[in-house]
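Heads up, the thing below is written out as structure tokens.
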Amino acid sequence: PLYTRLVDKYVVKKWVAKKIGEEYVTQTYAKWENAEDIDISELPEKFVLKTNHDCGGIAICRDRNDFNLEVAKKKLAKHLKRNYFWGGREWPYKNVKPCIFAEEYLEQDGPSIGLTDYKLMCFGGRVRCVFTCTGRTEGDLRVDFFDTKWNHLPFTRHYPNADVPPDEPQQLREMVALAECLATSIPFVRVDFYEIASELYFGEMTFYPGSGLEEFDLENWDRQ
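In terms of the working numbering, the sequence shown is numbered consecutively and its last residue is 241.
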């Protein structure tokens, strides 16, 4: 039952806030069970709409006056009908009650679009490595693995490395400590964070990245 709560992107926020503090959790503005009920009239100019139970159910609004709400509703309605369990048999998702919620828009400084996603792999409650996801917004996802001292590891997993590996986050030590707090007593979990202007924000928790099917190259790193 705990795993089902922790993969629910809406429900997990309260659990995380209690464990490490509300300041690490993005603000939630509203929640709906049906896409047709979405009302953005009282939301800020920038916001994010998400489904709580799967991958890819997201609509980003960077300017409310230029946001196509009907297209977003159609996309999110489609995702609401999806049970993420059936794709890769990741069982914690099977009994998540689907919903849509609106949350705070996060934006990094600089010219790049989208966020650097820091994903910390916790084995037995200890962070053993970190990987970054960049370029997702541009449709060119790049994945880079690092050890906890930010040495770039010599392999890929399903996606190519970035042309220039991301810099070490300023708050890496704090990020590791927070991830280990959330991962206490869990055999394996991936804990995600964003770093915005030196502040950390929780992303999500994942128990079976890629359903365990994303290949490593060099292959020996799969065992490692």
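A virtual CB, placed ideally from N, CA and C, is assigned to each residue, including glycine.
Straight-line Cα distance separating residue j from residue i
i	j	result
MET222	ASP83	32 angstroms
THR133	TYR27	21 angstroms
ILE213	ASP157	22 angstroms
VAL160	TRP167	14 angstroms
ILE57	GLU121	13 angstroms
PRO186	GLU59	34 angstroms
LEU170	LYS91	40 angstroms
ASN85	LYS114	26 angstroms
GLY142	THR165	14 angstroms
PRO61	GLU236	46 angstroms
THR173	LYS31	34 angstroms
THR21	ARG190	28 angstroms
GLN241	PRO109	25 angstroms
GLU155	PHE205	30 angstroms
ASN100	PRO226	17 angstroms
ASP126	CYS116	31 angstroms
Sequence-distant residues of its chain with Cβ nearer than 7 angstroms to residue i (five each side left out)
i	result
ARG153	GLY131
PHE118	TYR27, THR45, ALA47, LYS48, LYS67 and ASN69
MET192	TYR135, LEU137, PRO186, PHE210 and LEU217
GLN188	GLU212, SER215 and LEU217
ALA34	VAL42
Sequence-distant residues of the same chain with beta carbon closer than 8 angstroms to residue i, five excluded per side
i	result
ILE75	VAL65, LEU66, LYS67 and THR68
ASP209	ASP134, TYR135, LYS136, LEU137, PHE219, GLY220, GLU221, MET222 and THR223
SER7	Missing from the structure shown is residue 7; the chain here goes from 18 to 241 and no further.
PRO183	THR133, THR149, THR151 and ASP161
ILE37	LEU195, CYS198, LEU199 and PHE219
PRO177	ARG159 and VAL160
Cβ-based burial, residue i [other Cβ within 10 Å; buried from 16]
i	result
HIS175	exposed
ARG207	buried
CYS198	exposed
VAL96	Going by the sequence as given, residue 96 is His instead of Val. Buried: at least 16 other Cβ atoms inside 10 Å.
ALA52	buried
VAL181	exposed
LEU19	exposed
LEU230	exposed
ALA196	buried
ASP54	exposed
ALA200	buried
ASP25	buried
Contact under 9 angstroms by Cβ, residue i with residue j
i	j	result
CYS139	ILE203	yes
ALA89	CYS72	no
PHE162	VAL144	no
LEU93	THR43	no
GLU50	GLU216	no
LYS63	ARG81	yes
Residues near residue i by beta carbon distance below 6 angstroms, same chain, minus five either side
i	result
LEU23	VAL29 and MET222
ASP9	No statement about residue 9 is possible, as the shown extent of the chain runs from 18 to 241 and does not include it.
LYS111	PHE102
Proximity test, residue i beta-carbon vs the ligand PLP heavy atom, cut-off 8 angstroms
i	result
ALA196	As for the ligand PLP, it is missing from this structure, which has no ligand bound.
Limits of the unbroken beta strand (DSSP E) element including residue i
i	result
ARG207	205 to 213
ALA34	Looking at the DSSP string, ALA34 is not in any beta strand (DSSP E); the run it does join, the alpha helix (DSSP H), is 29 to 37.
TRP49	45 to 49
Boundaries of the alpha helix (DSSP H) in which residue i is found, first to last residue
i	result
TRP103	102 to 105
GLU197	189 to 199
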